[in-house]
Structure formats: structure tokens, C-alpha cells
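A.B. asks: If you use the numbering used here, the sequence shown corresponds to residues 70 to 972, in order.
Positions of the beta carbon are idealized from the N, C-alpha and C atoms, including for glycine.
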Amino acid sequence: SGHSVISFLQIYKDTVELSLTFSVLLYQHPQSKCCICSALSWHETIVLLTNVHFCCRKFMYSVCCLHSGSPASVCRHKVQSGLKKKFQCVFEGITKAGNPTLLNEIYTELYITEGGTGELNEEHEVRQIEAASRKADRAETSIRQEELFQLPAGRQEPIRTVMTKGVAGIGKTVLTQKFTLDWAEGKANQNIHFIFPFTFRELNMLKEEKFSLVELVHHFFPETKEAGICSFEDFQVIFIFDGLDECRLPLDFHKTRILNDPIKSTSVSDLLTNLIRGNLLPSARLWITTRPAAANQIPPGYVDMVTEVRGFNDPQKEEYFRKRFRDEEHASRIISHIKRSRSLHIMCHIPVFCWITATVLEDLMKSREGGELPKSLTEMYIHFLVVQAKVKTVKYDGGAETDPHWSPESRKMMESLGKLAFEQLQKGNLIFYESDLTECGIDIRAASVYSGVFTQIFREERGLYQDKVFCFIHLSVQEFLAALHVHLTFITSGLNLMEEEQSNISKPELSSPVQFYQSAVNTALQSPNGHLDLFLRFLLGLSLQTNQNLLHGLLTQTESSSQINQKTVQFIKEKISKDLSAEKSINLFHCLNELNDGSLVEEIQQFLKSGRLATDKLSPAQWSALVFILLSSEEDLEEFDLQKYSASEEALLRLSRCNLSERSYPPLSTVLSSPSSKLRDLDLSFNKLQDSGVEILSIGLESPKCKLESLRLVNCSLTEKSCKALGTALKNNPSTLTKLDMSVNNLQDSGFRHLCGFLESPHCRLQTLRSVNNLTKFSCEALVSSLKFNPCNLTELDLSENDLQDSGVLHLCGFLESPDCRLQTLRLELCRLSKITCAALVSALKSNPSHLTELDLKNNDLHPSDVQQLQDLVESPNCKLQTLRSVEGWSQSSCFQMCCLSQ
70 SGHSVISFLQ IYKDTVELSL TFSVLLYQHP QSKCCICSAL SWHETIVLLT
120 NVHFCCRKFM YSVCCLHSGS PASVCRHKVQ SGLKKKFQCV FEGITKAGNP
170 TLLNEIYTEL YITEGGTGEL NEEHEVRQIE AASRKADRAE TSIRQEELFQ
220 LPAGRQEPIR TVMTKGVAGI GKTVLTQKFT LDWAEGKANQ NIHFIFPFTF
270 RELNMLKEEK FSLVELVHHF FPETKEAGIC SFEDFQVIFI FDGLDECRLP
320 LDFHKTRILN DPIKSTSVSD LLTNLIRGNL LPSARLWITT RPAAANQIPP
370 GYVDMVTEVR GFNDPQKEEY FRKRFRDEEH ASRIISHIKR SRSLHIMCHI
420 PVFCWITATV LEDLMKSREG GELPKSLTEM YIHFLVVQAK VKTVKYDGGA
470 ETDPHWSPES RKMMESLGKL AFEQLQKGNL IFYESDLTEC GIDIRAASVY
520 SGVFTQIFRE ERGLYQDKVF CFIHLSVQEF LAALHVHLTF ITSGLNLMEE
570 EQSNISKPEL SSPVQFYQSA VNTALQSPNG HLDLFLRFLL GLSLQTNQNL
620 LHGLLTQTES SSQINQKTVQ FIKEKISKDL SAEKSINLFH CLNELNDGSL
670 VEEIQQFLKS GRLATDKLSP AQWSALVFIL LSSEEDLEEF DLQKYSASEE
720 ALLRLSRCNL SERSYPPLST VLSSPSSKLR DLDLSFNKLQ DSGVEILSIG
770 LESPKCKLES LRLVNCSLTE KSCKALGTAL KNNPSTLTKL DMSVNNLQDS
820 GFRHLCGFLE SPHCRLQTLR SVNNLTKFSC EALVSSLKFN PCNLTELDLS
870 ENDLQDSGVL HLCGFLESPD CRLQTLRLEL CRLSKITCAA LVSALKSNPS
920 HLTELDLKNN DLHPSDVQQL QDLVESPNCK LQTLRSVEGW SQSSCFQMCC
970 LSQ
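#1: How many Å lie between residue 865 and residue 836 at the Cα?
#2: What are the boundary residues of the beta strand (DSSP E) that includes residue 779?
#3: Just to confirm the assignment: which complete alpha helix (DSSP H) runs, minimum length 4, are found wholly within the stretch 829 to 882?
#4: If you drop the 5 nearest sequence neighbours on each side, which residues of the same chain put their C-beta closer than 7 Å to that of residue 801?
#5: Checking 8 Å against the spacing of the C-beta atoms, do residue 654 and residue 641 come in under that value?
#6: Do you know offhand how far residue 921's Cα is from residue 939's?
#7: Among the residues of its own chain, which have a CB less than 7 Å from the CB of residue 783, if the five just before and after it don't count?
#8: Would you mind stating whether residue 283 and residue 419 have Cβ atoms separated by less than 8 Å?
#9: Hey, quick one: how far does the beta strand (DSSP E) through residue 265 stretch, first residue to last?
#10: Express the C-alpha separation of residue 263 and residue 93 in angstroms, rounding to a whole number.
#11: Report the partner residues of residue 317 according to the DSSP bridge assignment.
#12: Which residues in the same chain as residue 660 place their Cβ atom closer than 7 Å to its Cβ, once the five residues preceding and following it in sequence are excluded?
#13: List the endpoints of the continuous beta strand (DSSP E) containing residue 375.
#14: Report yes if the C-beta distance between residue 804 and residue 775 is below 8 Å; otherwise report no.
#15: Quick check: the stretch 292 to 302 against the stretch 337 to 348, are there 3 or more CB pairs under 8 Å?
#16: Report yes or no: do three or more beta-carbon pairs, one from the stretch 441 to 450 and one from the stretch 405 to 417, lie closer than 8 Å?
#17: With a threshold of 6 Å on Cβ separation, who are the neighbours of residue 791 within its own chain once the five nearest residues in sequence on each side are excluded?
#18: Pull the bridge partners of residue 508 from the DSSP assignment, please.
#19: For a quick check, are the C-beta atoms of residue 489 and residue 511 less than 8 Å apart?
#20: Considering only their Cβ atoms, is the gap separating residue 553 from residue 611 smaller than 8 Å?
#21: Scan the stretch 634 to 676 and note each continuous alpha helix (DSSP H) run of 4 residues or more that stays entirely inside, going in chain order.
#22: Comparing C-alpha positions only, which one of 430, 219 and 233 sits nearest to residue 227?
#23: Quick one: residues in its chain with C-beta nearer than 6 Å to the C-beta of residue 294, no 5 flanking neighbours on either side, listed in chain order?
#24: Under the assumption that residue 451 contacts residue 616 (Cβ atoms under 8 Å), give the Cβ distance between them as a whole number of angstroms.
#25: Compute the Euclidean distance between the alpha carbons of residue 477 and residue 955, then round it to the nearest angstrom.
#26: Hey, would you say residue 816 sits closer than 8 Å to residue 780, going by beta carbons?
#27: Does DSSP classify residue 896 as helix, strand or coil?
#28: Go through the stretch 281 to 332 residue by residue and report every complete run of the alpha helix (DSSP H) that reaches 4 residues or more, in order.
#29: Give the straight-line distance between the Cα atoms of residue 875 and residue 937, rounded to the nearest whole angstrom.
#30: Opposite residue 561 in the DSSP bridges: which residues?
#31: Please state the DSSP three-state secondary structure of residue 926.
#32: With 16 as the cutoff for other CB atoms within 10 Å, does residue 639 come out buried or exposed?
#33: Taking the alpha-carbon positions, what's the residue 778 to residue 390 distance?
#34: Closest to residue 888 by CA distance: which of 903, 908, 546 and 860 is it?
#35: According to DSSP, is residue 120 helix, strand or coil?
#36: Take the Cβ of residue 952 as the centre, count every other Cβ of all protein chains shown within 10 Å, and call the residue buried at 16 or more, exposed below.
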């Protein structure tokens, strides 16, 4: 009983060993906490704390803080009640508008994966979800939200900081809300004393103010101040920081002064950096969410685990719509319709888009029972706009659903929103302030009426502040309204805003419709990361008369010209026939879908059905169509027999992420060893190749008829066994391969040694080697040993993200000192290196300074003073170093000095 435990402790209060043992037992058997708390009054507990030996007193304090009568327990209950009230309802898709829904009723579990790094990803987020949607290898470690801080099997170090990445609208914020609500309702994480959720939108408002850590918690959670809690060191605490991508605070992890005192005031940015670095409250756990493009704001060394929210997988999409539509017939019809449209199906990985889709289809099924549903993205978003205009007419103007929805005021507001969307899209802004709205002529009160189109977000500051931040509910909505603005401007004035953006002229020239659409295609293709991909789909979709009819009353009607549309289609097909990346080709095919043209895809589908693909010579555009079908396939392509297609080299260039499985590899191996094969570049990354697949491919690779020059096998589930087969094959036919990338596999040191055998061959011509595969110093030792036999060819070596440490790089320095070394690029990012490495590299490169032009040492345990040694290297007259990536935030003066010295 609780009293027996207390009596025992009082008798042996001076025995350190027994007190510590008791602490350990309490930790292992937390149910005994309740036993103590129920047996004693709060006063008796305080007496106990004064009598128990100091060694266990601190632990006992945290045990008894949950005592039902303690101030800490009362405070905890109040915090939970406040968070429960705040998060139990959500305004789905939007904030502070519409009808609230109970989160527990509509919440659908998200697909979350564990692993990866907080690297920068500048690709358009639609490209990212398209890539995720066609990943064949779903062998990533999935994780449930309640398991975030649990120690995975085989891991020794505790998890303090978790970073969760995910594209806009994928469900990161709702995930944190559900996590917090489950704790507040007593359903999960009851070993945690307090969860304190913050958003960076809230913290941005405090940019000019100063707080201590305790004051910041008191500021947002006054219950803790009322309870007199002035230290959180004795509590299990989780801080949640949602929306790092929206952070406007200068988070400088290199110049920020160290702060250990939780009651000392400083700027909020310094406070956060010290909390994340572990200087402040190291016992606390942190959860940070962000979009991928902002993940690198926090150095990887301060993040213990990275997870990614993938949104809804296919079963979860169905679950969402079945929860949303109680009518089974309606739900089944919607699910079936979405599956038939590849664009809609891909976008439904995003929960916000599921909400948009549900909003539109629910309205359409009421107004046109049995009618046709939207097939394209443009049509879906037009209907979404119409639905929201209808809501405004009925709810705010008192009109009927049959009334015209586009009044002069509505049109003016929509034009202003479109202008705001386009101008902010050009600047790359997703969050806007009141001044941005005013510049576009938007009245804030009027804008708030358009609850579904435009979100007004009030900062909830317990009545202390009323600062306002604005954003569209999703980036895709902003892109649609931006395209609508560009389209409206052109049809009313003939001005081409895309040419203005392209040429940076203040007054764009008048364009013909053909020039207008072609310039839009060219501008989008020039974007290296696809930032205009979705915008282009919407702009082209708005050119169709059928879509313009849906916006009757908002758009000025233009004469339909099928000839103009046909010229645009032909122009896009010509672009497809060029040597474009797979991502750009895919987007152009989606553009053709928005223009209601599927002729290229239909041609290839007919060829596949008839078997004529084996004998007909396909055009470059048709080959791209074949690749599009491969990349868009819902099923594993187990029956796609490459052996039939003697001219398939063009398709093979783009087989990355194509869901290929083991039955595809024997014919591919035959193609590799064919005397007529002209295949030089093969990328099979992100396919479930596995060891068995590599063993089959190795038969083709070792053939003297194989002339392959570049081989990429990134993330193909390979192990040591693959390396043995591949190393043997390349040793038998070493003379043509110049590039090899086997990153993100589980090769380890034992597997890497097999590849090193291929490097020893005097006929080896390998120039580029990249391997991120759990390697250590032993791999460096084996690599250097092999390169001594054949050092002249290797010019690029990337061993980033391996556990090489200084001892491993010391082996590499021996190779760099060799007069036969011709290495030009060396990348050692995130290899746990220290200043010892800098000194060794300086010494080695002074001995042989004439070839290295690029050195990457980012994300290691280096400081500017360590890297300063490398400036001595630049002074060498033979030094060719042009690029040095080392310490983020390195002073401009240091970089300038390097540039001057190199000249």
C-alpha cells in the first residue's frame, strides 16, 4: 500500500542505495505513483519530500506533481481543459469560418514515415506528392503519431527533437492538434506532465519582445503562472512548434549566444535556438513541423529523428470519403470517380484537397443528380469557386441558390484576390499581411465573407493581441486564382503578364492568344523546380470554352477557337518530343489532360493492346507517352516485357520510380547485353530491385557487349549480396562505366569492399562514385587501398551522410597526397567530422593542390575558426579550389577574403 511504502522510506531515509533503488522501481512501475498519491494527502506528501534522501527527492517531486491535490496537478488539469476546448473542434480546410466539426469524428489517420534528413527540397510540392504517389517501394518505416518519442528497437540514444516534414495541406497541423487532444483527453502520453503547443505564426508576433523560457510559457499558458510554476526541469514536457516554414524569426544557430538560465530574458529567436540546441531545458522534448523547403533552417545535428507526413495513402483516402459521406452509394461513386482521374487521385494524397473535392462533389450531387462529375483539376477548382460564391449569396446576401452568384461586388473581390494571388506567387509568398491586401484593394471585412476561398487567421492571444495573418487554404488555390487573374487580364486587355514576368518589362506588349499560351508553356518549362507547373495546368484549362461557361458571369465570354487550342496542343507535343526531364514531361501530359487531349497516351495504349509496339518505330513524343504511362501506372508492371521492344533505349533512360519488379529484369538484362544496344545511361532508382534483381542485371552488365556509362541504383533495397554480384560483373567488364550511384541502400562496409575490387582493375574508368550506405572508416581504408592501384580516373567522390568521422577522412588524405590523384570534387557532408579533419585536409591538399575545385564539408561539427585554416590553402599558387561549402552562416568577410586570395 502507499502507506507501507512511505513508512519504509521514512525508516531508511538516510540510505542512499535504497532511495535510489526505490526511484528506479517507481520509474519502471509507474502505477505505484497512483498508489502513493491516493494514500496520502498533499500535506503528507510534502512532509515525505522533506524526509526522503536528497538523491531521490527530485524524482519524488516529479512523481508527486500529479497528486490530485497538488497545485501542479490542478494546473495540469486546467492546461488540458484549455487545450481540449481549443482543439476538439476543427474548421475543416479553413480556419475560423464555416461549421465546426469534432476532430475525433472526422480525423483519418495519416501515413507517416520515419527516416531521412532535414535537407532542402525546392521542388514544387505537387511534384513531390506525384513522386511519392508512384513510389513502388513502400518499405519505409511507418510510424503512428503516438509513437513519435518512443525509442525504436536497436536505438540507444533518447529522442529529444523530432522534425516532421510535409507539403502544404498534407495534415501536419491537424496531426499536432490530434496529438495534443489525445493527451488532453487522457487517451495517450499520460506519462507526460505538460504539452505546450505553439505556432510560428504566434511567435512571429513576438519578434521584437523579450522573454525568458518560463515567461514565454506563462504568456501563452497563464495557468502555469497562476500555479506558481517557475521551473519545468522536474516535469516531463513536450514543446510543439508548428509551421517552421512560416517562421519570420532570425534563427541563427552559429552566432546565437549560449543561454542556460530558463528565467533570463532574451529575444524569442535566441530563446528558440537555445531550446533547440539543448542549452535550455535539455530534459524537454521538442516536435517541429515544417514544409520540406524550410527543413534546413535547423542543422541536422540538433534533430534526433525526421519523419514525413505523406498524407493519405489509398485506403485512407477511401476512409476519409466514407466518413465524410454517410451515404454508401455516394461515397462509392466519389471514390470510383477519383480513381478514374489520375490528376484527382494524386492530389487526394493531400487532405485539404480531399476536403475541396468533397465540398464540390457534395454540391454537384445535390444540384445535378446523376450528372457528370469534374474530371480535371481546373474544372474541380472552378466548381469550388462557384460553390463558395453560392455560399456567399445564400448565407450572407439572403439570396436563393438559383440566384446569379457573381454580383459586381463579387467580381471585383475575385479580381482583387486573383491579383493578390499572382503578385504574391511571383514573390514566393504564401503568408500575407494586412498591407498586402490593402495594396490589392481588398477590404478585410469583405474578404472574410469568402470563408472558403480566403482564410482570415486571427492570432489567438487570449485577448492580448489582434494581429492578423492571411493565407489561401492551400497553395493550389492560390495558383488557380493567379492563373484566373492572368487569364482575365489577357481577355480584357490583351496584356500578357507572363511575358512581363519573363522579360521583367514594366509594360507588357499585346499578344495573340497563340503567343499567350505558348509563352506560358515556355516560362513554366524554364522553372528549374516546377514552381509554375500547376499554375500552367490551370491557365491552359481556363482556355476551354466548357470551363469558361462554368464561370459565366465572372469571365467575359470569348469566342471559342478550337484552332487556337489545337495549336497549343501541337506546341506542347513538340515540347514533349524534346529531351526534357521526366517531371517536366509528366506536367506537360497533365497539361494536355486539362486541354482535354489524350491522343498521345491513347496511341500508346492502343499499341500495347494490339502488340504493334514490338514492330512499330515510335516517335520521341510517343516514347515520352510510354514513359508517362509507366510512371502513372497504378499496378506493378510485372508483365511489361522490355525484351519485345528492340528500340526501347529511349524509354529505359527514364525508368526511375516505375514500379518495376523482378520479372522485368531478365529482359532488361538482355537489352543491356544486346550487340545492337545503344543504351549508355540507366537509372533504376526507387524501384524494388533488391539483391535478386541486381544479380539478374549483372549478367547483362558483365557482357563485353554492354556499353553502359552511367548507372544509378538509388534506394533500391540493396545489401552486401548486391555489391558482390555487381562488383564481380564490373570487374569482368570495367572499361565503359564512368558514373556509379548506389546511395540510400544498406551496403555497409562489407558490401562496399566488393565494389572496391572493381576499382582496382587497371581497365576501370570510373570517374564519379556516390555512396550513402552506412559506411565507416573501414570503407575509406578499403577505398584508398583500391585507388592506389588505379588512382588516375576518379574525379568526383561523394561520401556524404556516412559515419566516416575524422579517422576515416585521414585515410582519404593519404590518397589526396598522392601525385597521381586527380580528384576534382570531394563531398563529405554530415560525416561527423571535426577540426582534426580540416587540419588533415589542409596538409594533404598543400602537398597536391592542383586539381581539387570543389570541397563540401557542410553539417559537420565545424566552426568558422576551424575552416579558417583552409584559407591558407587558397594562398597556394597552384590551388584550383573554387567552391568551399563548410559552415552555415560563415561571415561574408571570410568568403570575400577567399575570393580575393583565389584571384
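C.D. replies: Quick answer:
#1: 6 Å
#2: 779 to 781
#3: 846 to 856
#4: 771
#5: no
#6: 13 Å
#7: 754, 755, 810, 812 and 813
#8: no
#9: 263 to 268
#10: Its pLDDT being 48, under 50, residue 93 is placed unreliably by the model, and nothing is read from it.
#11: DSSP output for residue 317 lists no bridge partner at all.
#12: 605, 606, 609 and 641
#13: 374 to 378
#14: no
#15: no
#16: yes
#17: 760 and 763
#18: Paired residues: none, contrary to the question.
#19: yes
#20: yes
#21: 651 to 663
#22: 219
#23: 287
#24: 6 Å
#25: 57 Å
#26: no
#27: strand
#28: 282 to 289 and 291 to 295
#29: 18 Å
#30: Answer is none; residue 561 lacks a bridge partner.
#31: coil
#32: exposed
#33: 48 Å
#34: 860
#35: For residue 120, the pLDDT reaches just 49, beneath the cut-off of 50, and the residue's location in the model is therefore unreliable, although a value from the coordinates is still provided. If DSSP states are grouped into helix, strand and coil, residue 120 belongs with the helices.
#36: exposed
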